[in-house]
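Protein chains in written order, with numbering that gives the first Met the number 0: chain A, 0 to 393; chain B, 0 to 254; chain C, 0 to 333.
We put the CB at the ideal spot given by N, CA and C, even for glycine.
Read the structure below first, then the notes.
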Amino acid sequence: MRKFNFRLLSLTAAFCMIFGALSPAIAAGEVEGKRCVRLGKTASVDGKTLVCTLKADKLLWTASGGSSSGAPIPAGTLSSATPGGTSSSWVKWNKATCALVPTTAPNEFPWRADLRATPNLKIGYGTQAEGIAVVDLANESMKSNVAAAGATYVFANYANPDAAKLLDGVKSIITRQADVVVSWALLAASMDNIMSLYKAACIPVIQVSAVGAGALLFGPDNALVGKVQGEGLVAYAKKRNWDRGSTPLTVVQVTAPGYGASINLRSSECVAAVQKAIPSALSAKVVLNATTTAEGLSRMNDWLTGNPNARRVLACNEADTIAFGVANATSAKNRLAGVGGVGGSKNPGGNFVGSVDFGFKNYGSFLVPLAQDLIQGKAVPTTIAPFLRFATER
Amino acid sequence: MSQTNLEKEIIFSCRQVSKHFGPIVACDSVDLDIRRGEILAIVGDNGAGKTTLVKILTGAMTPDSGQLIRNNNPIVFESTRDAHANGIEAVYQELALAPNLDVTSNIFLGRELYSTIGFLPYPKILARRKMKALARKEIDRLGINIRDVSGQAVGKMSGGQRQSVAIARSVYWTSDILFMDEPTAALGVKESKAVLSLIRKVADTGVAIVMISHAMPHVLELADRIVVLRHGKKVEDRLSENIKVEELVRMIVGA
Amino acid sequence: MSEVSDLKVEPEMARPSKESRRYKIPIESLGLAAAVLIIVIILSLTTDYFFSFENARNVSTAISFMGVAAAIGTLILIGGGVDLSVAAVMAVAGSTAAGLLDAGYSAYVAVIVALFVGLMVGLINGFLIASVGINPLITTIGTGFAVRGFAYIVIESRELNIGNETFLFVGRNDFLGFPISFLIMIACFLGVGFVMRRTIFGQHLYAIGGTPDGRMAALAGVPVKRRTYQMYAAGGLVAALAGLVLATYSASATGNAAMGLELPIIAAVILGGTALGGGRGTVTGTLLGVVLLGVINNGLTLRNVPYVWLFVVQGCVLLLAVVIDSRRERKDVK
């Protein structure tokens, strides 16, 4: 009689248990024995066709034929994303004149970012910097989306605010014969120069964040940013009943003129949104001479010292770096405060409520399809905005 | 020759020259006369003030008080350039050579021969060929054994060669007075002999030579007159004839 | 005090003899030239678009402004000095020119005033170093800080765009097939090279740099104080020129232009064979150093290399230069 191999049985049982625990994770990546590791691969389950697609930088099996905006997904689409907003004016790239020409906006479906394979395309990307956390997320997103499309990646670091390195980067992209370029140039003084260089090389440009004459603009609508921040702060205040009772609520606009009028809307529209929701709120303004954390800290500190009766404070900011300093000032002065930021940085806690997240880690899933549409002569909006979200998670 | 020495005219002198560095008195009211064509030796123990005195007389230092007189005219030296312009040359102990430049460049350092373009005063272009020829001639005339007067940095030469270059430079520009601070100190026997005969050759042309030296035999052999300094003061000033070494030592030490 | 008049000789006598005209190319420069050649060959074979006229133009215009500053930096370093205010002077020159152009003045006025500002800074440096006697490193760091502040103040902390066609002509056009800014750089190298090798001024700078504080040169009768003034004045003036070249290149001026450029400039100069202590160096070497750094920069960008690696590479190249320099010094002393 053969001995029953208990050891083998227990090993098998253990293996089955471990495998079972892991299977949900594997299931997402494995269907019908096929793993979702290559874009575009299809699998068929219960008569439904699944496509391996790129979603927020992960490869997942998704049902093809579904879309959030209603327009049918063209064949060969690798992934889709719907932007936060598009302008009503649309343009088309004219290869002969090397310029954007106005064209009629479609009646039905607004523009949607459909990524497809374009292996013969050279997509240029001039990033503003490397080493800033949120910008690195955007850089990675660009890189992986270009790789997913099978296109050639022509990369340069503009090293903002170095005007000479900006020019070196632009020239390098032109020399490598990019077909279309996503350009994150922020130096207003150099914009005309680099736009004329790209135009002379007949390369269509998508400018990120900062406006460039003759280029598409991808970036948050700063007025909307302000509104989202304000609404987020209102929710925070209402939950704590700061809009009621005898102690007045003060909403402070922390603004840095050095950022320029457009970015200043992030704080002014935030204040407007708070006042709209809480009409009894008092308002105040703190003006910064520099766009640094230290400056935010000291100016807010000065304001708090000069306003000892402001015991409930909401602060509207234009960037996270400044917001961190403002939040520290309110904590140090022991005031009840809710401080908002812009940029989607990690929430450090304390009086920092949350930040308007532009979704940097998905920038590529908008910008690369936009670039593809642009160079292929399709009609595109002149301005596209990413999703805005007031992120409060710690 | 020693008899007529005191009758020769005085071409350079100093009166009541004093110099101190903080509490240390280097020179204390020194009077000195230098006569045409004489060989004058300044001797003294370490710290007696010899080098300081020579540096004052040659423009490398300014005195705290006192006067310099050149050919019966009072004069002030702001720098060695002023001294050069008045015909006073010196070979210092540290040689004042630019170690990274060649012999020609060192001989003409500060007094380069140049040409210009048209009527423009600048740039002053170095007249290399002419300077090289003149340097070669001077080196050969003095019997100095150096193969390359251009292209070879003097910092790479031997101590004796460097000393010779410094002497050649001063001799080239000398008009009537040449100061030398310890000309044979760093040299071996053979090279010392060569330098001493060089000094005599120069003196024979009528140039007055003022030398500081620790080497008693050399002093007694060459000098017409000896000046002894002790603690910054001049304590002896006499003709060298008939002075023995022991007496010289006694004068220096002050026994 | 002035050169004796009979020291001036007839022009025929002034031509350098065959022996001194034979420019002994230092071995170190040959090594550097070989390094440049090897890197160019490697990049040409491995990197698309590197070996092309267009890219060569990109490199030559990109290095122009740094090259001009490195040329005069060589002169100052040979003379035993150091000028760390060069980048700040470049910025203030660009700001001054842009501010004047923005206010409606002509390009010629803008250029002349900017050069004058650089000259003034140089004279201030010369005064503090030669007359007051402060250490050049500390002095030029200090003047650099102050001048950098003025680079912002002059344009009220704005970022100015330069649109003046006359001014931008230099940055945009060619002459005899070469970009004008590149030709300006070459002219500066030729000029500094000529001054260092063929004029009295250059000879005196070598002598002064040969010993600490120029002691031996002073004893020998070189007018050290005057030369120091002239050296730093030239430094300020040519740094301003470099700043103008940068301004025509980037068609803009900001207070932080050329920020941090002092170190790559000194790196290029030392790489080229100029001793940190002075008394030794050639402009040929510096030009090779500038080209080497520029080619490495260009190649890394073409290869999509993350920006941070450029700092690592430049740092390593500088370290290498310093090590080679110190071994050269030891060889000389032996």
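Please report how far the alpha carbon of residue i lies from the alpha carbon of residue j, in whole angstroms.
i	j	result
residue 122 of chain C	residue 282 of chain C	23 Å
residue 90 of chain C	residue 212 of chain A	27 Å
residue 253 of chain B	residue 233 of chain B	12 Å
residue 157 of chain B	residue 279 of chain C	21 Å
residue 112 of chain B	residue 100 of chain B	16 Å
residue 236 of chain B	residue 225 of chain B	6 Å
residue 91 of chain A	residue 215 of chain A	10 Å
residue 186 of chain B	residue 14 of chain B	34 Å
residue 351 of chain A	residue 185 of chain A	27 Å
residue 129 of chain A	residue 239 of chain A	40 Å
residue 160 of chain C	residue 40 of chain A	50 Å
residue 282 of chain A	residue 233 of chain C	57 Å
residue 329 of chain A	residue 139 of chain A	35 Å
residue 21 of chain B	residue 83 of chain B	29 Å
residue 116 of chain B	residue 247 of chain C	33 Å
residue 134 of chain B	residue 69 of chain B	29 Å
residue 189 of chain A	residue 308 of chain A	46 Å
residue 321 of chain C	residue 180 of chain C	29 Å
residue 325 of chain C	residue 248 of chain B	47 Å
residue 315 of chain C	residue 160 of chain A	24 Å
residue 212 of chain B	residue 79 of chain C	33 Å
residue 132 of chain A	residue 251 of chain C	28 Å
residue 220 of chain C	residue 45 of chain C	56 Å
residue 220 of chain B	residue 209 of chain B	14 Å
residue 375 of chain A	residue 194 of chain C	58 Å
residue 51 of chain A	residue 113 of chain A	14 Å
residue 172 of chain B	residue 86 of chain B	8 Å
residue 147 of chain A	residue 116 of chain A	7 Å
residue 272 of chain A	residue 340 of chain A	15 Å
Would you say the beta carbon of residue i is closer than 6 Å to some non-hydrogen atom of the ligand NAD?
i	result
residue 42 of chain A	The ligand NAD is absent from the structure shown, which contains no ligands of any kind.
Suppose the cutoff is 7 Å on Cβ atoms and the five residues either side in sequence are ignored; what does the same chain contact list for residue i look like?
i	result
residue 17 of chain B	26, 27, 28, 62, 63, 64, 65
residue 216 of chain B	none
residue 190 of chain B	159
residue 161 of chain B	94, 96, 153
residue 174 of chain C	182
residue 43 of chain B	49, 227, 228, 229, 251
residue 127 of chain C	133, 138
Among the residues of its own chain, which have a CB less than 8 Å from the CB of residue i, if the five just before and after it don't count?
i	result
residue 240 of chain C	67, 92, 114, 117, 183, 187
residue 475 of chain A	Residue numbering for chain A in the displayed model covers 0 to 393; residue 475 of chain A lies beyond these limits and cannot be assessed.
residue 266 of chain C	288, 292, 313, 316, 317, 320
On the premise that residue j lies in contact with residue i, defined as a C-beta separation below 8 Å, what is that separation, rounded to the nearest angstrom?
i	j	result
residue 259 of chain C	residue 150 of chain C	Going by Cβ atoms, the distance from residue 259 of chain C to residue 150 of chain C rounds to 13 Å, so no, they are not a contact pair.
residue 218 of chain C	residue 50 of chain B	Actually they do not touch by this definition, with Cβ atoms about 12 Å apart.
residue 398 of chain A	residue 125 of chain A	Here chain A has residues from 0 to 393 only, and residue 398 of chain A is not among them.
residue 141 of chain A	residue 181 of chain A	7 Å
Can you name, in chain order, every residue of its own chain whose Cβ lies under 6 Å from the Cβ of residue i, other than the five neighbours on each side?
i	result
residue 38 of chain B	202, 208, 221, 222, 223
residue 179 of chain B	90, 210
residue 386 of chain A	83, 358
message = So within the stretch 311-381 of chain A, which uninterrupted alpha helix (DSSP H) runs reach at least 4 residues, ignoring any that extend past its ends?
response = 319-331, 362-374
ask   = Which runs of the alpha helix (DSSP H) spanning at least 4 residues fall entirely within the stretch 278-316 of chain C, listed in chain order?
value = 282-301
inquiry  = Extract the residue ranges of the alpha helix (DSSP H) inside the stretch 141-223 of chain A, only unbroken runs of 4 or more that lie entirely within it.
reply    = The DSSP assignment places complete alpha helix (DSSP H) segments of no fewer than 4 residues inside the stretch 141-223 of chain A at 162-174, 187-199, in order along the chain.
query = When Cβ atoms are compared, which residues of the stretch 74-93 of chain B fall closer than 9 Å to chain C?
reply = 77, 78, 79, 80, 81, 82, 83, 84, 89, 91, 93
inquiry  = To be precise: take each residue of the stretch 294-318 of chain C, compare its Cβ to all Cβ atoms of chain A, and keep it if any distance is under 8 Å. Which residues remain?
reply    = Residues passing the 8 Å Cβ filter: 296, 297, 300, 301, 303, 305, 306, 307.
Beta strand (DSSP E) runs wholly inside the stretch 212-254 of chain B, at least 3 long, in chain order = You should have 224-229, 232-238.
key: Short-range partners of chain C found in the stretch 353-381 of chain A, where Cβ spacing is below 7 Å   = none
ask   = If you measure beta-carbon to beta-carbon, which residues of the stretch 213-242 of chain C are closer than 7 Å to chain B?
value = 215, 216, 218, 219, 220, 221, 222
request  = Output, in sequence order along the chain, the residues in the stretch 94-105 of chain B whose CB is closer than 9 Å to any CB in chain C.
outcome  = 94, 95, 96, 97, 98, 99, 100, 101, 103, 104, 105
request  = Would you list, in chain order, the members of the stretch 103-127 of chain B that have their beta-carbon closer than 9 Å to a beta-carbon of chain C?
outcome  = 103, 104, 105, 107, 108, 109, 110, 111, 112, 113, 114, 115, 116, 121, 122, 123, 124, 125, 126, 127
task = Output, in sequence order along the chain, the residues in the stretch 273-300 of chain A whose CB is closer than 8 Å to any CB in chain C.
result = Answer set for the stretch 273-300 of chain A: empty.
query = At a Cβ cut of 8 Å, what residues of the stretch 43-77 of chain B count as close to chain C, listed as they run along the chain?
reply = 59
ask   = If contact means a Cβ-Cβ distance below 7 Å, which residues of the stretch 181-194 of chain A contact chain C?
value = For chain C, the residues of the stretch 181-194 of chain A that bring a beta carbon within less than 7 Å of one of its beta carbons are 186, 187, 188, 189, 191, 192, in chain order.
inquiry  = Which residues of the stretch 193-206 of chain C have a Cβ closer than 9 Å to any Cβ of chain B? Give them in chain order.
reply    = 193, 194, 196, 197, 198, 199, 200, 201, 202, 203, 205, 206
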